[in-house]
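Protein sequence lines correspond, in order, to chains C and L.
Residues 1 to 221 in the UniProt record's numbering are what the first sequence lists, from first letter to last.
Residues 1 to 293 in the UniProt record's numbering are what the second sequence lists, from first letter to last.
Ideal Cβ placement from N, Cα and C applies to all residues, glycine included.
Being a predicted model, the structure only gives us computed values, none of them experimental.
One structure is given below, encoded as structure tokens.
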Amino acid sequence: MRFKNVFSIIGPAMIGPSSSHTAGAVRIGRFARQLLGEQPSVAHICFYDSFAETYSGHGTDLAVVGGIMDWRTDDERIRDSVRIAGEAGIELHFTTGIAPGVHPNTVKIKLSSDQNEVEVIGASIGGGTIVIRQVNGFEIKCTGELPTLVIGHGDRQGVLAGITALCDKENVNIGYINTDRVGRTSEALTVVEADSRIPEHLIEAIRALPYVNRVVFIHLD
Amino acid sequence: MRFRNLKELAALCVKEEKSIARIMLEDQAEESGQSVEEILKVMGEYYEIMKTAVHKGLTEDITSTSGLTGGDAKRVESYRLSGTPAVGDIAAQAMTYALSVSEVNASMGRIVATPTAGSCGIIPGVFVSAQERFGWEDEHLVHGLFCAGAIGYVIANNSFISGAEGGCQAEVGSAIGMAAGAMVELRGGTPEQAVHAVGLALKNTLGLICDPVGGLVEIPCIVRNGFGAVNALAAADMALAGVRSVIPSDEVIDVMLEVGSSMPSRHRETAQGGLAQTPTGRKIMKELLIRQK
């Protein structure tokens with residue numbers, strides 16, 4: 001079954017005019033913002049394929065920026081997000097690009113602050129549903145529909161076992177998990193999507209595991 | 001969920017002596033691990049958003065972000081209040097409310113996708129006007145949204161609900177079927193009658209293409225929401241009167257899949273055909289592009 005939830009039929013609550021052009025775009029922007037963990041000082045937003053053609057007429061630029069402000073899909077400030085973000089001191093750059101083989105509604109968002117920099121590539125696949133395809137160059141796949149942990153770590157034996165054991169200990173069922181690495185024993189990124197709430201002390205425990213560098217909790221709803 | 005099609009859904013209702021709404025509510029609780037109360041609360045918030053959108057479009061000056069549309073809901077409302085609508089006051093009210101929510105959507109206002117943003121006016125149009133007419137409590141309408149959701153869930157999983165995949169029949173058509181079935185149940189009809197209403201409604205929109213001018217969710221999307229609300233009432237009335245969908249509703253849903261799958265891509269939201277490519281549609285698109293630059 002493609003749809004598993006009554007709220008994907010009645011819902012989401014959102015700012016119009018189009019679930020893939022606004023609701024989904026907000027969620028990709030918000031994913032990037034939560035990954036950075038703070039308000040960025042600079043945002044580079046690049047639209048691809050169909051998004052590149054249609055983003056302006058549908059307010060997709062406003063929606064992505066609303067997400068970068070960490071707003072929900074139905075926040076009425078989205079109409080004015082570019083102005084509000086500008087007043088908050090965020091430097092915004094919009095471009096369009098060509099990327100072969102991507103979903104028609106794809107956007108790349110690069111956010112930087114004094115401390116940090118993240119790059120996210122995501123697609124809005126309809127009805128407000130998104131798929132995040134790439135984080136900081138790592139090929140991953142996640143939807144942000146479940147409480148999500150993005151874990152940067154060294155590619156070492158036992159890291160994944162450590163993560164899953166801690167989840168088990170806290171009775172957190174893992175719905176999806178995937179890992180990508182630069183190369184053997186090099187940098188790796190693991191995304192964990194959980195079926196239930198992820199308690200703060202579980203996040204702390206994972207953060208304390210050997211070879212784990214960074215753990216970010218992402219919650220879009 | 002324990003049902004894959006409308007036949008299984010209706011059988012489940014009979015077996016457990018429950019409404020479609022109740023089955024959907026309980027199955028959603030089971031699937032999500034949330035309590036019935038939590039789920040009802042979310043749907044209650046959604047209904048509030050729908051009512052607010054109806055009100056907003058009738059009381060504020062709404063213009064779409066492109067500047068192409070706006071004000072039609074108010075026009076129809078003042079005409080309705082003059083007392084002369086050909087479709088009668090009740091259908092005119094549902095039509096007006098549907099136009100209102102769709103205009104709010106086009107102006108980047110807050111709405112609930114039902115099942116999509118392009119078709120977000122039909123269910124609020126039918127529900128809010130019926131609430132005013134019959135004096136129902138919010139709780140009754142919130143249950144009605146679960147009934148509509150169950151119908152939409154079946155359509156979405158067996159056919160489609162997005163214009164990009166299956167044309168306007170999949171968006172506006174699905175919303176009409178959902179609203180019609182829910183209206184039957186809200187008025188005390190049986191699950192079987194509700195299911196017939198879905199088939200009756202869908203038959204009337206089979207083949208409807210998605211051809212928005214400039215690719216924007218405005219022309220003809222907004223007026224199709226207005227028409228959709230009226231058609232939903234008509235389908236509910238036929239079903240409540242005992243009219244049956246001779247072709248079973250699940251088979252009509254299959255036809256929607258067949259028709260939508262064979263629709264050329266120019267008639268599936270790409271603005272490459274239909275109304276979007278008429279001389280006037282092209283002129284509007286050209287002017288918009290110039291203005292954007």
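Any idea what DSSP makes of residue i, helix, strand or coil?
| i | result |
| --- | --- |
| L:E165 | helix |
| L:F3 | coil |
| L:A241 | coil |
| L:S159 | coil |
| C:R133 | strand |
| residue 321 of chain L | The displayed coordinates of chain L run from 1 to 293. Any statement about residue 321 of chain L would go beyond what the structure contains. |
| C:L220 | coil |
| C:G126 | strand |
| C:M69 | coil |
| L:A86 | coil |
| C:I174 | strand |
| L:C120 | coil |
| L:L247 | The identity of residue 247 of chain L in the sequence shown is Ile, whereas the question assumes Leu. Reduced to three states, the DSSP call for L:I247 is coil. |
| L:V217 | coil |
| C:E200 | helix |
| C:V118 | strand |
| C:A208 | coil |
| C:D74 | coil |
| L:M263 | coil |
| L:K18 | coil |
Using only the alpha-carbon positions, how far apart do residue i and residue j sit?
| i | j | result |
| --- | --- | --- |
| L:A106 | C:D168 | 46 Å |
| L:G177 | C:H103 | 30 Å |
| L:V104 | C:E38 | 32 Å |
| L:R133 | C:A165 | 57 Å |
| residue 235 of chain C | C:Q34 | Nothing can be reported for residue 235 of chain C, as the shown portion of chain C is limited to 1 through 221. |
| L:D211 | C:L189 | 42 Å |
| L:C125 | L:V101 | Note on residue identity: the sequence assigns Gly, not Cys, to residue 125 of chain L. Cα to Cα, the separation comes out at about 8 Å. |
| C:A161 | C:V120 | 26 Å |
| L:D138 | L:I123 | 14 Å |
| L:F170 | L:G260 | This sequence places Ala at residue 170 of chain L; Phe is not what is there. Each residue's Cα considered, the two are about 8 Å apart. |
| L:L202 | L:I253 | 8 Å |
| L:R187 | L:L275 | 37 Å |
| L:A232 | C:F51 | 33 Å |
| L:W136 | L:R22 | 18 Å |
| L:G273 | L:G163 | 13 Å |
| L:E30 | L:G144 | 19 Å |
| L:A53 | L:T59 | 10 Å |
| C:T148 | C:G67 | 17 Å |
| C:Y55 | C:I125 | 15 Å |
| C:P40 | C:M69 | 9 Å |
| C:L92 | C:L36 | 16 Å |
| C:E193 | L:E17 | 37 Å |
When DSSP builds the beta bridges, which residues end up paired with residue i?
| i | result |
| --- | --- |
| L:C210 | L:R268 |
| C:T179 | C:T190 |
| residue 227 of chain C | This structure gives no information on residue 227 of chain C, because the portion of chain C shown stretches from 1 to 221. |
| L:V172 | DSSP, once it has assigned bridges, lists no residue as partnering L:V172. |
| C:V150 | C:V191, C:V216 |
| C:M14 | L:I111 |
| C:F138 | C:V135 |
Nearest to residue i by CA position, among the options, is which residue?
| i | options | result |
| --- | --- | --- |
| C:A32 | C:V192, C:K110, C:I10, C:L166 | C:K110 |
| C:N136 | C:E170, C:V172, C:E187, C:A25 | C:E187 |
| C:A43 | C:P147, C:A161, C:D114 | C:D114 |
| L:G44 | L:T190, L:V112, L:R187 | L:V112 |
| L:L289 | C:R184, C:H58, C:F3 | C:H58 |
| L:S78 | L:M183, L:M24, L:M95 | L:M95 |
| L:E258 | L:F227, L:S159, L:L186 | L:S159 |
| L:L208 | L:A179, L:M263, L:K51 | L:M263 |
| C:I98 | C:K141, C:K108, C:L92 | C:K108 |
| C:F3 | L:R244, L:A11, L:A271, L:Q28 | L:Q28 |
| L:D237 | L:V198, L:I219, L:G163 | L:V198 |
| L:I161 | L:R110, L:T114, L:Q34, L:A179 | L:T114 |
| L:S19 | L:L141, L:C147, L:S64, L:K74 | L:C147 |
| C:E170 | C:L202, C:R184, C:N5, C:P210 | C:L202 |
| L:I247 | L:V142, L:K7, L:R2, L:M1 | L:K7 |
Just checking my contact of residue i with residue j at CB under 8 Å: how many whole Å lie between their CB atoms?
| i | j | result |
| --- | --- | --- |
| L:G121 | L:A156 | At roughly 19 Å, the Cβ-Cβ gap does not stay under 8 Å, so L:G121 and L:A156 are not in contact. |
| residue 294 of chain L | L:V213 | There is simply no residue 294 of chain L to check, as chain L begins at 1 and stops at 293 in what is shown. |
| L:M24 | L:A130 | With a Cβ gap of about 19 Å, L:M24 and L:A130 do not count as contacting. |
| L:S119 | L:A175 | 4 Å |
| L:M108 | C:P17 | 7 Å |
| C:G128 | C:R30 | That belief does not hold up - the Cβ atoms of C:G128 and C:R30 are roughly 12 Å apart, past 8 Å. |
| L:P279 | L:V14 | Actually they are not in contact, since the Cβ atoms of L:P279 and L:V14 sit about 54 Å apart, beyond 8 Å. |
| L:V184 | L:L240 | 6 Å |
| L:A235 | L:L206 | Contact flag wrong, Cβ pair sits at about 13 Å. |
| C:V191 | C:N178 | 6 Å |
Any heavy atom of the ligand SAH within a distance shorter than 7 Å of the CB on residue i?
| i | result |
| --- | --- |
| C:E204 | The model depicted lacks the ligand SAH and carries no ligand whatsoever. |
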